[in-house]
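Engineer:
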Amino acid sequence: MTIEIKTSTLEPVRNTFAHIERRFGDKPATRYQEATYDVASEINFHYKPLWQPEYELNDTGRTAIVMEDWYAFKDPRQFYYGSYVQMRAKQQEVAESNYSFFEKRNLARLIPDEIQRKVIRLLVPLRHVEQAANLNNIYGSSLGYGTAITQALLYNGMDRLGNAQYLSRIGLILDSNSGDALNEAKRYWMDDAIWQGVRSYCEANICVEDWFESFVAQDAILDGLIYELVYLQFDQWLADNGGQDFSMLTEFIQNWNKDTNRWVDAVMKISAAESDANKQLLEQWIGTWKAKALEALAPLAEEMVGPEALAIAENALVKRLNKAGLLK
Amino acid sequence: MAAKKLNIKDKYRLLTRDLDWDFSYEDRKQAFPYEEFEGIKITDWNKWEDPFRLTMDSYWKYQAEKEKKLYAIFDAFSQNNGHLNVVDSRYVNALKLFLTGVSPLEYQAYQGFAHVGRQFGGVGARVACQMQSLDELRHVQTQIHAMSHYNKFFDGFQEFSHMHDRVWYLSVPRSFFCDARSAGPFEFMVAIGFSFEYVLTNLLFVPFMSGAAHNGDMATVTFGFSAQSDEARHMTLGLEVIKFLLEQHEDNVPIVQKWIDKWFWRGTRLLTIVAMMMDYMLPNKVMSWKEAWEVYFEEAGGALFKDLARYGIRMPKYAETIEKEKEHISHQAWWTFYTHGHAAGFHTWIPSDKELDWLSAQYPDTFDKYYRPLWELAKEQEAKGERFYTSGLPQLCQTCQIPMLFTEMDNPNQNSMRDSVFEDERYHFCSDGCKDIFDEEPEKYVQSWLPVHQIFQGNCGGPGVEDVLSDYYKMNVGVDNMDIKGSPDEKRWNEWKGIA
C-alpha cells in the first residue's frame, strides 16, 4: 500500500526553455542544464574591450584550443552554484570538526618538533601555490568561453582560496596564532632554494595569456603532481613518522583533489577528443609544463619523502593523462 | 602554550591578505597589466579596507544554508502550482521583462567581477570581487530556476537568452553592462560596484522583488529575500571602492567624478524599464516610480553625495534633469511598448480605470495633462475593435539605445533630440547626458550595435519586420506578445481560475 495525496495537475505548455529543448529534446530538464547551457552571450557585444581591443567581450579566440561547441565540457559533478556550495558546506563541516578536535586536544604537542618544522617548511608554503591557482582559475573563468567550463573554473578558483586558508590554519595551529609559522613559511617561499623552482613556475603561469594553457599548467600538471606527492605520499610519510594527526588537517584538500580530478580529467579528455590539433597542442603544453614542474618539484620531493617520490607522482599523472587519451 | 585569540581583522589578514607575494621571476605588471591605462593612481593596495571578512569555509556554510531553504521553496512552489497564486496573468509579464532584461545582467556581472577579481593587484580587493562574482553567478542561476516553473505555464520566457543578445529594447540593459565590462577595471567598479550596486540597486532589484511580494509571487520574492544579504555585501564593496580610489590620490578625483556622471546618467536611462514596470505592469502597486525615485535617490543618494563632498565629489551631472524626468518617463515608456506591442517579448494593455485614477493621483502635475488623454484615445480605439499598433521602427539613441521617445522635460510636447558629428558621420541622442557620454569617447560609442540600424542594414534577417521578429528574435508573434486581451496566457489563466 502506498499513500497517495491527490494534487491538481496542470498540463504545462512546455517542459523547459527553448535553448535547452534544442539541445536535449522536449522533456523536463535538470537544474544543472537550465543553469548552465547557453546562458552566456554569444553575439552583438557592442564595444570592443578597451583592455583587449583585438577580441570581443566573450570570444573563443582567447585560447588556441578550438571547440565546435564549448558546452561540450559537461561537469561530471554537475555543479551549478547551489549544488556546489552545498557540497563544499558538507565537506567544510567535517573539516571544521577535524580542526576543532585537533585544537581542543592540542594534538600538536604529540608531534615531534622536527616534524612540525618540516611541515612549516614543506607543507605550509603551499598556501602560496593555492593563491596562484586561485588567480589562474579565475583568469580562465573571466576570459574563457561557455558557462559549462567557466563556472567550473570559478568554483575551482574559490576552492583554491579555501585550500589556502586551510593550509594557513595549520600554520596558525603550530604557532599558537602568532602568525610566526606563516611568516617563516613565507620566507621559505621567497628565499629558500628548495621553493624557488615552484615559485618561478607559479609566477610564469600567472603571466600565461592563453587561459586553457594556464589551466593545463595549473590544474592538470602542477596540481596533479602535488596531489600525488604531497597529499598522498608526504601524508603517508608523516603518518609513518609521528605526524599522522596532520591527516585530519589535510583531509579536506585530499578529498577535494579526488573530487576535482574527475572534472580536470573530463576537461582534458573532451578537449583532446575534439580534434588532432587540440590533442597535439595539449601534448605540447603538457610536455613543456611537466618538464618544468618536475624540475621545480625535484628538491621538494626528495626532502619530503625521498629520491623515488617524484617518479611515482609522475607515473600516476601520466596514467591519468593516458586515460584522457593523451601522451599515447 | 595557550593559543592567543585572533581578532577577525588579524585572522583575515593572515588567512587572505598575506597570501600574495612580490614577484622575482616575472614582471608583476605582466601579471596585472590593466591597472594603469585609465590614469587611476594606486599608491598602496595595503590601504584597502576589506569590506567584509568572510573566509571561504564560512561562505560555503552560510550560502549553502540559504540555498537549501530557497530550493525547498522552489520545489514546494512548483509542486503546488504556485503560479496560480499570483494576482492576475498580467503580473507575469513583469517577470518576463526581468528574465529577459535583468537576469542576463547578473551573468555579465559575474563575468565582470571575475575579470577585476583576477586583474586587481591588491589581494584584498581581488578576493572581495571574486566573492561578488560567485554571488552574481548565484543570482542568475537562481533566477533561472525561479522562473523555470513560470516558463512551463506562460509564453515569453522560453527564449530569454537568445532574445537578450538581439531584441531591440533588450539592447538597452545589455549595452549598459557591455559598456561597463569593456571599460577598464576601475571604471567597471565605479560603474557597477558603486553606481549600480550601491546607489541604484534599490531602484532596480528591490522594485522587482517588492513587486513579487505585493503580487503573490512566492518564488521570486523568496529569491529576493535570499539574495538580500549578498546585496548588502555588494553594497559595502561598492562604497569601499569609491573611498579607496578617492583616498589613494587626489588625481583620481576628477576621473572618478567623470565616471560617476556617466554611469548615473546611463543608470537612470536603464531604469526607465523599471519605472514602467512599477507604474504599469504590476497589478498591485508597490509605490509609484516617482515616489521610489524620491525615497531612494533624492533622499538616500543625496545624503551619500553630501558624505562624499569631503573628497571633492559633487552630485552627478544632470541630477536636476533627472528630477524632472521622474514625472514622465514611465508613461512615455509604457506608451511606446503599448504601441509597439507586436515587437515586445511580453503582453501590453491599457491600464484599467482604477489604475488610471491611481496614476492621476500619483502624478498630479503631469498625468492628466499629458498622458491620460493618450489612454482615453486608446480605449476608444480598442472599443471600436481598432487596437492600435505602430508599424514604423523607432530611431535609437546612439548611447543608451532607447528609442527617441523622451521629450524635453520642460516641454513634454517636444521630442528631445541631440546630435554630434564624428568623422563626418552624424549621430543622434535622446538627451544632453547621452550626447556628453558619446562626445567623451566617440570611438567607443560608434561601435554600438543598434538593433534598428541592424535591421535596416539586413543583418537581422528579413525582409519584413515580421520575419525579423519571428526568425531572428524567435518571438511567437501574437502568442508571446501583443495585447493581453485574447492572448493564450489570458485564456489559460481564465481556465485555471474558472473565469468565464
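Chains as they are written, first to last, in the working numbering: chain A, 1 to 328; chain B, 1 to 500. For every residue, glycine included, the Cβ atom is placed at its ideal position computed from N, Cα and C.
With 16 other CB atoms within 10 Å as the buried threshold, where does B/K9 fall?
Structural biologist: Exposed, because fewer than 16 other Cβ atoms sit within 10 Å of the Cβ of B/K9.
Engineer: Return the bridge partner residues of B/N411 from the DSSP annotation.
Structural biologist: The partner list for B/N411 (beta bridge, DSSP) reads B/E408.
Engineer: Can you tell which of B/S416, B/Y389 and B/P185 has its C-alpha closest to the C-alpha of B/N481?
Structural biologist: Nearest of B/S416, B/Y389 and B/P185 to B/N481, Cα basis: B/Y389.
Engineer: Is the CB of A/I43 under 9 Å away from at least one CB in chain B?
Structural biologist: It does: the Cβ of A/I43 has a partner Cβ on chain B nearer than 9 Å.
Engineer: Can you tell me where the beta strand (DSSP E) holding B/S210 begins and where it ends?
Structural biologist: Not the beta strand (DSSP E): B/S210 falls in the alpha helix (DSSP H), residues F205 to H214.
Engineer: Check the Cβ of A/A217 against every Cβ in chain B and list those closer than 8 Å, keeping chain order.
Structural biologist: Residues of chain B passing the Cβ test: none, with the nearest at roughly 14 Å.
Engineer: On the CB-based measure, 16 or more other CB atoms within 10 Å of its CB, does A/Y37 come out buried or exposed?
Structural biologist: Buried: at least 16 other Cβ atoms inside 10 Å.
Engineer: Kindly say whether B/I144, judged by its beta-carbon, lies nearer than 9 Å to any beta-carbon of chain A.
Structural biologist: Yes, because at least one Cβ of chain A sits closer than 9 Å to the Cβ of B/I144.
Engineer: Please identify the residue among B/K11, B/K290 and B/T100 whose C-alpha is closest to the C-alpha of B/W358.
Structural biologist: When each option's Cα is compared against that of B/W358, the closest is B/K290.
Engineer: Could you tell me if A/E54 is buried or exposed, where buried requires 16 or more neighbouring beta carbons within 10 angstroms of its beta carbon?
Structural biologist: It is exposed - the Cβ of A/E54 has fewer than 16 other Cβ atoms within 10 Å.
Engineer: Determine the extent of the beta strand (DSSP E) in which A/V13 is found, giving its start and end residues.
Structural biologist: Here A/V13 belongs to no beta strand (DSSP E), and DSSP marks it neither H nor E.
Engineer: Using a Cβ-Cβ cut-off of 9 Å, state whether B/R174 counts as contacting chain D.
Structural biologist: The structure shown contains no chain D; its protein chains are A and B.
Engineer: Tell me the DSSP bridge mates of B/N459?
Structural biologist: DSSP output for B/N459 lists B/G461 as bridge partner(s).
Engineer: For the stretch 58-90 of chain A, enumerate the residues whose C-beta is nearer than 9 Å to any C-beta of chain B, in chain order.
Structural biologist: Under the 9 Å Cβ criterion, the stretch 58-90 of chain A contributes N58, Y80, Y81, G82, S83, Y84, V85, Q86, M87, R88, A89 and K90.
Engineer: Going along chain A, which residues have a C-beta under 7 Å from B/R314?
Structural biologist: None at all; the shortest Cβ gap to chain A is about 26 Å.
Engineer: So that I know if they touch, is there some Cβ in chain B lying closer than 9 Å to that of A/Q244?
Structural biologist: No, A/Q244 does not count as interfacial toward chain B.
Engineer: Quick one: is B/Q141 near chain A, going by C-beta distance under 9 Å?
Structural biologist: Closer than 9 Å to some Cβ of chain A, the Cβ of B/Q141 qualifies, so yes.
Engineer: Using the rule of at least 16 other Cβ atoms within 10 Å of the residue's Cβ for burial, across every protein chain shown, is A/T9 buried or exposed?
Structural biologist: Exposed is the call here.
Engineer: Which word fits A/R109, buried or exposed, when buried means at least 16 other C-beta atoms lie within 10 angstroms of its C-beta?
Structural biologist: Exposed, by the Cβ-count rule.
Engineer: Determine the direct distance from the alpha carbon of B/H249 to that of B/W60, and round the result to whole angstroms.
Structural biologist: Cα to Cα, B/W60 sits roughly 36 Å from B/H249.
Engineer: Considering only the beta carbon of each residue, do B/R166 and A/I43 sit closer than 9 Å?
Structural biologist: Their beta carbons are under 9 Å apart, which means B/R166 touches A/I43 by this criterion.
Engineer: Just curious, the beta strand (DSSP E) that B/S420 is in, first and last residue?
Structural biologist: R418 to F422 is the span of the beta strand (DSSP E), which, as asked, contains B/S420.
Engineer: Just curious, the beta strand (DSSP E) that B/E327 is in, first and last residue?
Structural biologist: No beta strand (DSSP E) contains B/E327, which DSSP labels as neither H nor E.
Engineer: Check the C-beta distance from B/F223 over to B/H149 and give it rounded, since I have them as a contact under 8 Å.
Structural biologist: Contact flag wrong, Cβ pair sits at about 12 Å.
Engineer: In chain A, what lies closer than 7 Å to B/K68 by C-beta?
Structural biologist: What B/K68 touches in chain A: Q86.
Engineer: Three-state secondary structure (DSSP) at B/P403?
Structural biologist: Three-state DSSP puts B/P403 in a strand.
Engineer: Using a Cβ cut-off of 7 Å, which residues of the stretch 180-199 of chain B contact any Cβ in chain A, in chain order?
Structural biologist: So the close ones are R181, S182, A183 and G184.
Engineer: Do B/Q398 and B/H428 have their beta-carbon atoms positioned less than 9 Å apart in this structure?
Structural biologist: Yes, they are a contact pair.
Engineer: Considering only DSSP beta bridges, list what B/M56 is partnered with.
Structural biologist: Bridge partners of B/M56: none, in fact.
Engineer: Measuring only the C-alpha atoms, how far is A/Y201 from A/K292?
Structural biologist: When rounded, the distance between both Cα atoms is 7 Å.
Engineer: Give a yes or no on whether the minimum CB-CB distance between A/D259 and chain B is below 9 Å.
Structural biologist: With 9 Å as the cut-off, A/D259 does not count as an interface residue toward chain B.
Engineer: What residues from chain B crowd round A/R127, counting only those whose CB sits closer than 8 Å?
Structural biologist: Simply L19.
Engineer: Sorted by chain position, which residues of the same chain lie with C-beta nearer than 6 Å to B/F177's C-beta, five sequence neighbours on each side aside?
Structural biologist: Around B/F177: L105 and Q108.
Engineer: In terms of residue numbering, what span does the beta strand (DSSP E) encompassing B/F429 cover?
Structural biologist: Its beta strand (DSSP E) spans residues E425 to F429.
Engineer: Under DSSP, the alpha helix (DSSP H) around B/Y311 begins and ends at which residues?
Structural biologist: No alpha helix (DSSP H) contains B/Y311, which DSSP labels as neither H nor E.
Engineer: Report the residues of the stretch 29-55 of chain A with a CB closer than 7 Å to any CB of chain B, ordered along the chain.
Structural biologist: Result list: R31, E34, A35, D38, V39, A40, S41, E42, I43, N44, F45, H46, Y47, K48, P49, L50 and W51.
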